[in-house]
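Note sheet for the following structure.
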Amino acid sequence: MKIFLDTADLNEIRKGAALGSVDGITTNPSLIAKQGRDFKEMIMEITTIIDGPISAEVTTLTKEEMLRDGREYAKWQKNIVVKLPTTREGVEACKILSDEGIRINMTLCFSPMQALLVAKAGAWCVSPFVGRLDDISSDGVELVSQIVHIYQNYDYKTQVLAASMRTPLHVLQCALAGAHIATMPFKVFDALYDHPLTDKGLKNFLADWEKAKKDMAKSKGK
1 MKIFLDTADL NEIRKGAALG SVDGITTNPS LIAKQGRDFK EMIMEITTII DGPISAEVTT
61 LTKEEMLRDG REYAKWQKNI VVKLPTTREG VEACKILSDE GIRINMTLCF SPMQALLVAK
121 AGAWCVSPFV GRLDDISSDG VELVSQIVHI YQNYDYKTQV LAASMRTPLH VLQCALAGAH
181 IATMPFKVFD ALYDHPLTDK GLKNFLADWE KAKKDMAKSK GK
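Sequential numbering of the sequence shown, starting at 1, is according to the working numbering.
This is the structure:
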């Protein structure tokens with residue numbers, strides 16, 4: 001499973017890139033707005049840090065506006081993926097842009113039927129929102145599992161990008177469900193490295209090594 005960071009914070013992106021485990025970036029208007037910088041400028045700077053797919057989301061609602069913005073974004077850099085909402089207008093725009101060879105990430109997907117429609121429209125990936133479904137007492141991981149199953153049944157090439165990861169457990173569950181990609185905030189990504197037994201084991205190893213060095217020093221001094 002590929003790991004994407006869901007952020008527009010350049011410091012977080014640089015940290016993730018340095019760790020060598022980040023395959024791409026997803027952004028949205030809310031994340032970009034938090035940085036207080038020009039949209040294109042932000043996206044272009046991200047592409048200089050991460051070589052993989054960078055999702056840039058449109059902020060328009062009509063098909064014609066999405067087509068205009070999507071074509072423009074795709075010109076900026078070869079690894080930019082245009083992010084469209086899973087609406088009627090968005091799916092229609094997805095079909096047209098996909099036919100033009102532009103990779104599309106269909107976002108805000110909350111049902112397996114929506115995922116089926118975007119796959120038929122040629123989307124490069126679909127983004128089911130796991131955490132937001134959990135927030136309303138629905139099962140976000142089950143949605144990911146259902147989409148993976150449907151795509152496998154009919155050999156759709158659209159990738160499942162599990163979004164709205166709130167915890168490392170979400171990441172684990174989506175990996176077991178067969179998601180091709182999981183995108184997450186930096187704090188969730190960073191937590192994937194942690195385990196108390198790793199910390200405890202390292203502490204014990206180092207303590208044993210220090211004790212052994214002292215014992216060897218004493219032996220040499222006799």
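Note that CB positions come from ideal geometry on N, CA and C, so glycine has one too.
Practice problem: Count the other C-beta atoms from every protein chain shown that fall within 10 angstroms of the C-beta of residue 159, then say buried if there are 16 or more, exposed otherwise. | Solution: buried
Quiz item: For residue 106, which beta-bridge partners are listed by DSSP?
Solution: 84, 126
Quiz item: Which term fits residue 202, buried or exposed, when burial requires 16 or more other beta carbons within 10 angstroms of its beta carbon?
Solution: exposed
Quiz item: How many whole angstroms separate the CB atoms of residue 118 and residue 91, which I take to be in contact at a CB cut-off of 8 Å?
Solution: 6 Å
Self-check item: Distance, residue 50 Cα to residue 61 Cα
Solution: 28 Å
Quiz item: Can you pull the DSSP bridge partners for residue 97?
Solution: For residue 97, which the question treats as bridged, DSSP gives no partner whatsoever.
Quiz item: What three-state label does DSSP hand residue 51 in the structure shown?
Solution: coil
Self-check item: N-terminal and C-terminal residue of the beta strand (DSSP E) that residue 2 is part of
Solution: 2-6
Quiz prompt | Distance, residue 65 Cα to residue 194 Cα | solution = 44 Å
Quiz prompt | Three-way DSSP call (helix, strand, coil) for residue 165 in this model | solution = coil
Exercise. Since I believe residue 5 is in contact with residue 186 (beta carbons under 8 Å), could you give me their beta-carbon distance rounded to a whole number of angstroms?
Key: 6 Å
Practice problem: Give me whichever residues DSSP pairs with residue 13 in a beta bridge. | Solution: Its beta-bridge partners do not exist; DSSP assigns none.
Quiz item: Can you give the Cα-Cα distance for residue 108 and residue 20, rounded to whole angstroms?
Solution: 28 Å
Exercise. Report yes if the CB atom of residue 43 is closer than 8 Å to the CB atom of residue 33, and no otherwise.
Key: no
Practice problem: Express the C-alpha separation of residue 196 and residue 97 in angstroms, rounding to a whole number. | Solution: 47 Å
Quiz item: Per DSSP, which one or two residues make a beta bridge with residue 184?
Solution: 5
Self-check item: Local conformation of residue 58 per DSSP, three classes
Solution: coil
Exercise. Could you tell me which of 151, 122, 184 sits nearest to residue 2, measuring between CA atoms?
Key: 184
Practice problem: For my contact list, residue 141 and residue 165 are in at a C-beta cut-off of 8 Å; report their separation, rounded to the angstrom. | Solution: Not a contact, Cβ separation roughly 10 Å.
Quiz item: In whole angstroms, what separates the C-alpha of residue 229 from that of residue 79?
Solution: Residue 229 is absent from the model: the chain starts at 1 and stops at 222.
Quiz item: Which partner residues does residue 24 have in the DSSP bridge list?
Solution: 4
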